[in-house]
Amino acid sequence: MLCLCLAGRAEVRRISLFIGVDQGLESEVALKFASRDAAEMAGLFRQTGLYGPENVMFQSNASLDQIRRAMSAVEATAIKWKSQGAQTYLFVYFSGHGDAQSLHVRGQKLKRDDLVAWLNSLPCELKIVVLDACESGDFLRSKGGRFLQDLPVRIDDNLKSHGVVIVSSTSRGELAQESDEYRGAVFTHHLVNGLRGLADYNRDGWVSLQESFEYARRATATDVAMSGALHQNPSFDVDLVGGSDPGLIPIDREKSWMLLRHFPSGTLDVFDAGSLDLVSRVWLSGADSLAYRIQTGSYLFRFREGGREYLHSESVSKNGGVLIDRTRFQEKVARAWASKGGYSVRLNGFQTAYGSPHPFPGFSMGMARLSYVSRTASDKLSVFFGVGSGRSSDSATGLSNRLDLYRMGVARTFFLAGSRRIRFSAGGMAAYNLVRQSVRDGRFAGPDIPGAFGTVPADQTDWFDLYQAAVPLELEWNVTGRFWISGELDYSVYGYQDRARNYFRTRLEMEPFLQMGFHL
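When the sequence shown is numbered by this note's numbering, its final residue is 517 and no position is left out of the sequence of numbers.
Pasting the structure below:
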């Protein structure tokens, strides 16, 4: 019996055809992104490794004759594979204009009956067709089909379902929507997101047909309704034997991907960090963690929750994943959203501080500091100016020593741990200090001290340079989206030239500061 089962298993081969046509009939306004949508879908299927390069066919703004030749090439390949005893899996995608009875291709019509006849003639065990076109819901036969059970999909097994599935971006009589923001069709945008991993509801490492459709359907219907456009409700017709949910895309953890963690239900916008163009709008279902494939690059993320917006920036490497954790996002405040051209959105403001520097042994000082701050969710850059002073006196000698310190420097700290309210950061600081030292001899009442060869001033003043390098450790409490309070501890190394002894002296000190800041 086992031998008979093994002998009955057949190889599964996959072929796909992606068609994007911007121009429909002469009376119709040309679409902007139909060809781009088909190219993105084709690229996604090529990345899976399930299809050979010659088996992912792409037709961009082709004529009806060219599309018919591509359909004939698909049919010839399916016949050849059938003769070799293989099972054939066909996936067809079309983006463009259409109506209830046809798809519109550069002034001509590909009739519904011709497309259905072609599908019925193919010797393919499984045929999946996705149509992103106006009124494409009228292509459905409306038999009310449904998947009977959710069976696991194995790439090395026989196809568990045979038949035809037609997926439509609209229901009967509805219009499909394009989005300038997405630079593509709304339905295709969300379908691609689902295929990149967000639709893997059962966490089996595959995105199936039913999972991807359900994700795209919910996201499209909600997105279109929130934008104030007409309703768009994707639909599909199932005519399958076997009852399993066919697998479409495997999730490859060896390539660039993101793990989205600790997000409630809502939308996550992904922007290119350089241009700030919207790359993707992700609709989250509230799952604890979701894997999402994305191209290598630097990105800015925006999440909306409770009427507020939160920002975070991150880079995705070529071969590996990166954790995008909700707790690392920083609240966006008014006027914080930047225009195109920056690496990420920065929040600019001011920070005041008061602390106690100790550049000299046994001499404590107080210092007030004002900083201009530019920050992202992951770092803070500060340019500051400070003024400090201190005084000491010796009753036995009557000498009084006063130091005035003028400090200019720059510091940068990086977020290490915490949440969006409490953050711990560390970094580096470099500063130049100009020191004014005044020594007064209080044993004499007048401003001058008499001597054997005349008088000398009772007040002696000297200026010298003081250099500083420090490691600041900061614990910050974000009171609101605009104000924060923090405590900073600077581990400082001071260096200055001892001219009397002609050598360079250094000193290590630990100095506390209390800070308060606000964004503009």
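Glycine included, every Cβ here is placed at the ideal spot set by N, Cα and C.
Scanning its chain for C-beta atoms nearer than 6 Å, with the 5 sequence neighbours on each side dropped, one finds around K106 the residues S99, in chain order. A straight line joining the alpha-carbon of G49 with that of R43 spans about 8 Å. The C-beta distance from M364 to L402 rounds to 7 Å, short enough to fall under 8 Å. R409 and L378 have their C-alpha atoms some 4 Å from each other.
Residue pairing by DSSP puts F347 in a beta bridge opposite Y369, F515. The straight-line gap separating the alpha-carbon atoms of W280 and D220 is approximately 9 Å. Note on geometry: alpha-carbon atoms of G406 and S314 lie some 34 Å from one another.
Going by beta carbons, T217 and V183 fall inside the 8 Å limit. The three-state secondary structure of P358, taken from DSSP, is coil.
H309: member of the beta strand (DSSP E) spanning 305 to 313, first to last residue. Residue pairing from DSSP places S277 in a beta bridge opposite V267. Excluding residues up to 5 positions away in sequence, I12 lie with their Cβ nearer than 7 Å to the Cβ of T74 in the same chain. For S282 and R299, the gap between their C-alpha atoms comes out near 16 Å. Per DSSP, reduced to three states, the secondary structure at I291 is coil, with no helix or strand assignment.
One alpha carbon belongs to A288, the other to M255, and they sit about 6 Å apart. For S60, the secondary structure class from DSSP, reduced to helix, strand or coil, is coil. With a 10 Å radius around the Cβ and a threshold of 16 neighbouring Cβ atoms, E178 comes out exposed.
In this structure, DSSP gives A75 a helical state, which the three-state scheme calls helix. Listed in chain order, the non-local C-beta contacts of R290 below 6 Å within the same chain comprise R193, G194, W254, local neighbours out to five positions each way being set aside.
In this structure, the CA atom of D242 is about 16 Å from the CA atom of A213. Per DSSP, the continuous beta strand (DSSP E) segment holding N398 begins and ends at 396 to 415.
Around the beta carbon of A428, 16 or more other beta carbons sit within 10 angstroms, so the residue counts as buried. Under the DSSP definition of a beta bridge, I246 partners with V204. For F184, the enclosing alpha helix (DSSP H) begins and ends at 183 to 190.
Approximately 7 Å separates the beta-carbon atoms of R180 and R33; this is inside 8 Å, confirming the contact. For a cut-off of 8 Å, the C-beta gap from I16 to A35 is around 6 Å, short enough to register as a contact. Per the coordinates, the alpha-carbon of E175 lies some 17 Å from the alpha-carbon of R215. Taking C-beta atoms as the reference points, M54 and L22 fail to come closer than 8 Å. Contact between Q327 and Y307 holds, with the beta-carbon distance rounding to 6 Å and staying under 8 Å.
V9: member of the beta strand (DSSP E) spanning 9 to 17, first to last residue. For D129, the beta-bridge partners assigned by DSSP are S92. For S99, there is no enclosing alpha helix (DSSP H); the residue is part of the beta strand (DSSP E) that begins and ends at 99 to 102. For V161, the closest of H186, V126, S483 by C-alpha to C-alpha distance is V126. In its chain, beyond the 5 residues on either side, F412, E473 have a beta carbon closer than 6 Å to the beta carbon of R420. For M507, DSSP records a beta bridge to Y488. Excluding residues up to 5 positions away in sequence, A467, V468, M507 lie with their Cβ nearer than 7 Å to the Cβ of Y488 in the same chain.
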